[in-house]
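Undergrad:
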Amino acid sequence: MFKGIFFDLDGTLLDTFELIYQSFRYVYKNFLNKEISKEDIYPHFGKPLIYSFGNLDPKTIDQLIAAYREFNLLHHDKMIKPFPEAIDTLKSLKQNNKKLAIITSKLKDTAIRGLKLFDLEQYFDLIIAMEDTEKHKPDPAPVKLALDFFKLSPNECLMVGDSPHDMLSAKGAGVKTVAVKWSVLPWEDLLKTKPDYIINSFNDLLKITEVD
275 MFKGIFFDLD GTLLDTFELI YQSFRYVYKN FLNKEISKED IYPHFGKPLI YSFGNLDPKT
335 IDQLIAAYRE FNLLHHDKMI KPFPEAIDTL KSLKQNNKKL AIITSKLKDT AIRGLKLFDL
395 EQYFDLIIAM EDTEKHKPDP APVKLALDFF KLSPNECLMV GDSPHDMLSA KGAGVKTVAV
455 KWSVLPWEDL LKTKPDYIIN SFNDLLKITE VD
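One rule links them: number in the working numbering = place in the sequence shown (from 1) + 274.
This is the structure:
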């Protein structure tokens, strides 16, 4: 029986794709004089911004990250929403005494802001964000930190995510993986990581975790 359920945030629990795309588009258009497509940002999903802009001029990275965050925060609250069944699923898991964690590459303040917007923070025992580990997804460090916090073994936990980084991070820690079918990322990239489970809706997660 699974005792701990770890969730990615963006693209898994919260639909933030348009916000992320428009934030990148704003930076590229206004600071780099380039137009980018939605497909152009797929490789950046699940990565800290320092890596997303890491191939650009090191002298401008801090400015680009600051501009991204300023735009993102300005438009944040009106451009995100929970995925269908997310709230009811979290409530059911919590009522069945599951240990729940968020594992995200975002800054903690921004992650908490998104959760609080929909009263989701009440369901989580732990939030692991970018500043909590030196190494980030796809490295297993964040998942291992969650295991240590809950004092659970890898075979007692699941990682639910929408990107290959989520799957690889969990697999590196020995944790079984759940890929969400509503991911906007190329599905073949997720399949290459060989997720242990694939769910079409959050109701499917309740079946896997044996929660009624």
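Even glycine gets a Cβ: it sits at the ideal position worked out from N, Cα and C.
Because the structure is a prediction, the values reported are computed rather than measured.
1. Using CA atoms only, rank isn't needed, just tell me which of 325, 292, 324, 305 is closest to residue 311.
2. Let me know if residue 427 comes out buried or exposed under the rule of 16 or more other beta-carbons within 10 Å of its beta-carbon.
3. Since I believe residue 480 is in contact with residue 363 (beta carbons under 8 Å), could you give me their beta-carbon distance rounded to a whole number of angstroms?
4. DSSP on residue 362, reduced to helix/strand/coil?
5. Tell me where the beta strand (DSSP E) around residue 481 begins and ends.
6. So, helix, strand or coil for residue 494, using DSSP?
7. Taking 6 Å as the limit between beta carbons, can you name the residues of its chain near residue 287, skipping five residues before and five after?
8. Considering Cα atoms alone, identify which of 475, 482, 449 is closest to residue 467.
9. Is it buried or exposed for residue 465, if we count other Cβ within 10 angstroms and need 16 for buried?
10. Fully enclosed by the region 373 to 459, which alpha helix (DSSP H) runs are 4 residues long or longer?
11. Assuming contact is defined by CB atoms lying nearer than 9 Å, are residue 284 and residue 319 in contact in what I supplied?
12. Can you confirm whether the region 292 to 301 touches the region 333 to 350 when touching is taken to mean that 3 or more C-beta pairs between the two stretches lie within less than 8 Å?
13. Taking the C-alpha atoms as reference points, what is the distance between residue 417 and residue 295?
14. Do residue 473 and residue 453 have their CB atoms nearer than 9 Å?
15. When you compare the region 430 to 446 with the region 390 to 403, are there three or more beta-carbon pairs, one atom per stretch, that lie closer than 8 Å?
16. Quick check: the Cα distance between residue 355 and residue 392, rounded to an integer number of angstroms?
TA: The structure says:
1. Considering only 325, 292, 324, 305, the residue with the shortest C-alpha distance to residue 311 is 292.
2. Exposed, because fewer than 16 other Cβ atoms sit within 10 Å of the Cβ of residue 427.
3. Contact holds; Cβ gap of about 6 Å.
4. Three-state result, residue 362: helix.
5. Per DSSP, residue 481 belongs to no beta strand (DSSP E); it is in the alpha helix (DSSP H), 476 to 482.
6. The chain is shown only over 275 to 486; residue 494 falls outside these bounds and no answer can be derived.
7. Contacts found: 281, 360.
8. Nearest option by C-alpha distance: 449.
9. Here residue 465 is exposed, its C-beta having fewer than 16 other C-beta atoms within 10 Å.
10. Listed in chain order, the alpha helix (DSSP H) runs fully inside the region 373 to 459 are 382 to 391, 415 to 424, 438 to 446, counting runs of at least 4 residues.
11. Closer than 9 Å, so yes.
12. Touching, per the Cβ criterion.
13. For residue 417 and residue 295, the distance between alpha carbons rounds to 26 Å.
14. Taking 9 Å as the Cβ cut-off, residue 473 and residue 453 qualify as a contacting pair.
15. Taking a contact to require three or more Cβ pairs closer than 8 Å, the region 430 to 446 and the region 390 to 403 do not qualify as touching.
16. If you take the alpha carbons of residue 355 and residue 392, they lie about 8 Å apart.
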